[in-house]
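Asks: Before anything else, here's the structure in question.
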Amino acid sequence: MMHTDLLVTAFNRRGTARFEGEVSIAGKTFSYILEFQVPIYEYMAAAQGKTVEQIRQIVPIILRQGEETIPLTDREWKLFYYTITPSAINICNLRFMVGDHSTNHANLREGGPIDLTPEACKILAQPKFGCQFLEDTPSAGNTN
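Quick note on numbering: our numbering labels position 76 of the sequence shown as 219, and the sequence is numbered without any gaps.
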């Protein structure tokens, strides 16, 4: 496991299923757009039993670094899905808890330290993402 920091920001206008924001992970920041294609309160039922490819149709994610859109494979989409989607759900849950009498816009900022699996590190270290990870252990030749 690789220890790093994660920060997700999310912005949403009430009455829409579109969420925008940024995700900062392992020292890199990406902007994203996530837009549910079914009502948010139905998406878990709609996604049940579906393949990753089918769920991508229900919850598409557009990921960008600067002005460049980063195409995502199923594995890459899944990594960002699990990183971003909880913040969108948290906004919806908070609105539900307050009776949806809040302002027209919602902003959320959350995150903290996380442990990434070796597979997640391998994905994020690809040139298209550009995250860099430092080794936790000294090299074999280092005797300090």
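Backbone N, C-alpha and C define an ideal beta-carbon position, used for all residues, glycine too.
With H, G and I counted as helix, E and B as strand and the rest as coil, what does DSSP make of Ala268?
Replies: Three-state DSSP puts Ala268 in coil, outside helix and strand.
Asks: Do Leu222 and Ile266 have their beta-carbon atoms positioned less than 9 Å apart in this structure?
Replies: For Ile266 and Leu222, yes; Cβs fall inside 9 Å.
Asks: In this structure, what does DSSP give as the bridge partners for Pro256?
Replies: BP columns for Pro256 point to Asp148.
Asks: So the alpha helix (DSSP H) Glu196 belongs to, where does it begin and stop?
Replies: Unbroken alpha helix (DSSP H) run through Glu196: Val195 to Ile201.
Asks: With Tyr175 as the anchor, note down where its alpha helix (DSSP H) starts and where it stops.
Replies: Careful: Tyr175 lies outside any alpha helix (DSSP H), inside the beta strand (DSSP E) at Lys171 to Glu178.
Asks: Between the alpha carbons of Arg161 and Leu177, how many angstroms are there, rounded?
Replies: Going from the Cα of Arg161 to the Cα of Leu177 covers about 6 Å.
Asks: In terms of alpha-carbon separation, which member of Asn155, Leu150 and Ala190 lies closest to Asn236?
Replies: The option with the nearest alpha carbon to Asn236 is Asn155.
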